[in-house]
Every structure is written in C-alpha cells, then in structure tokens.
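The sequence shown begins at 1429 in the numbering used here and counts up one residue at a time. Glycine included, each C-beta is placed from N, C-alpha and C at the ideal position. Worksheet for the structure shown next.
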Amino acid sequence: MARWIPHQLNYTHNQVRVNICESLLFQPNRKEFFEDLVTHDESCILYGNIARDAVWPSCDAETPAQLKPDLRSPKHLLPFWWDTKGPIR
C-alpha cells in the first residue's frame, strides 16, 4: 500500500506515526502481524564497474584521481523483498 509521506514532519504528523506504530506493536496477535510483514529494497548496479586500486600515499604525496562512473552508462535495478524467514524468491 503506497502512501505519500511528507519530507518534513511536523509534530502532528510525527505523533500520528508514533501512535500507529505503538498500536501495531502492542497488539495481542503481534506474532502473526510480523509473519505477514514484507519489506522491499532496491539497488542500482552499473554494468562494467571500474576496478579501483587501493592506494596508500605518503603524507606529502597527492592521491591519484579516481574516475567516477558515467551516469548514462547501462544500469540494472535489482529489487529485493524480505519477510521474517528471509529473502523472498
């Protein structure tokens, strides 16, 4: 269930979120609630990542420039879902 969440929470918004969380945590059938809970995360992976070497320069030496990956290079979005038993396949 997607919901709009404001970036800046005022006191009222914050208190409503705290009340909802407390009501969920203090339910008598809390175990069943957590068994039904699924969470999601995603990560963007770049194709052809540049290998970076570890460098230990001396105190007076400049560190070599590191190239940043091109933002237009091909990427793949990897979504992940978890429940209480682990990753969902």
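Assigned secondary structure, residue i (DSSP; H/G/I helix, E/B strand, else coil)
i	result
residue 1496	coil
residue 1513	coil
residue 1441	helix
residue 1451	helix
residue 1490	coil
In DSSP terms, what residue i is bridged to
i	result
residue 1503	1474
residue 1435	According to DSSP, residue 1435 bridges with nothing at all.
Enclosing alpha helix (DSSP H) for residue i [first to last residue]
i	result
residue 1458	1458 to 1463
Nearest-angstrom Cβ-Cβ length linking residue i and residue j, presumed shorter than 8 Å
i	j	result
residue 1465	residue 1512	7 Å
residue 1461	residue 1455	6 Å
Give a yes or no on contact between the segment 1460 to 1478 and the segment 1497 to 1515, applying the rule of three or more CB pairs nearer than 8 Å. yes
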